[in-house]
Amino acid sequence: MTQFAQFNPPCDTIDIALFDNLKLPQYRTVNVIGIKEFDVDSINFKNSNGQIINLARSTGTDKDNVGGLQESLANQGWDFTKVPPIVEQKSLNLFDGFSRHEALLNLQQQKAPYLVVERKEGFTIDDVIDEIGLG
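Residues 475 to 609 (my numbering) make up the sequence shown, in order.
Following this line, the structure appears as structure tokens:
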């Protein structure tokens with residue numbers, strides 16, 4: 475069942491304790507560290523040309539989807555029954571949740587929850603993208 479936590483961007487934070495009852499996914503290519511709060515602008519998601527590096531969908535995001543998510547975040551809040559965007563622990567590279575991340579940036583949100591993962595030995599970023607980004 476969907477549950478939303480209201481917040482007012484850009485300064486309100488989303489209490490990560492709301493995710494305490496969320497069953498975290500298990501993956502073949504990464505270990506799940508947990509949910510942590512990061513500065514939204516610290517997440518790596520663009521290449522040197524300023525293009526969004528959503529490797530699961532080529533370059534870019536679906537702007538209609540971003541707009542819908544932005545409106546939902548502003549009006550309903552954060553759905554804490556869903557896994558937040560996924561980042562790699564060491565690099566803060568975004569693996570999944572590009573549209574949500576872009577919506578947060580558009581709202582000028584300062585901090586947000588992210589699911590933090592660490593790549594398992596022997597797996598490449600492409601392996602992780604194939605599993606996480608493409609589902």
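Each residue gets a CB set at the ideal place from its N, CA and C atoms; glycine is no exception.
Item, Value
"Rounded C-alpha distance that separates D604 from E595", "16 Å"
"Residues near K512 by beta carbon distance below 6 Å, same chain, minus five either side", "For the sequence presented, residue 512 should be read as Phe rather than Lys. If we look at F512 and ignore the five residues flanking it on each side, its Cβ neighbours are Y588."
"Under 8 Å between C-beta atoms of Q563 and I507", "yes"
"Straight-line gap, G534 to P558 (C-alpha atoms, nearest Å)", "Note that G534 has pLDDT 47, beneath the 50 cutoff, so the model's placement of it is unreliable and the number below is only indicative. Near 19 Å, if we compare the C-alpha coordinates of P558 and G534."
"Enclosing alpha helix (DSSP H) for G542 [first to last residue]", "537-549"
"Cβ pair M475, T555 closer than 8 Å", "yes"
"Cβ-based neighbour list, C485, same chain, cut-off 7 Å, excluding 5 preceding and 5 following", "Q584"
"Same chain, Cβ closer than 7 Å to L543, five either side skipped, listed in chain order", "S573, R574, A577"
"Cβ-based burial, A491 [other Cβ within 10 Å; buried from 16]", "exposed"
"Selected residue, minimal CA-CA separation from F493, among N482, S546, N505, F478", "F478"
"Beta-carbon separation (whole angstroms), D601 vs T503, contact threshold 8 Å", "5 Å"
"Contained beta strand (DSSP E) runs [length at least 3] in the segment 565-592, N- to C-terminal order", "568-570"
"For K520, the nearest candidate out of K510, L568, N482, N495 (CA to CA)", "L568"
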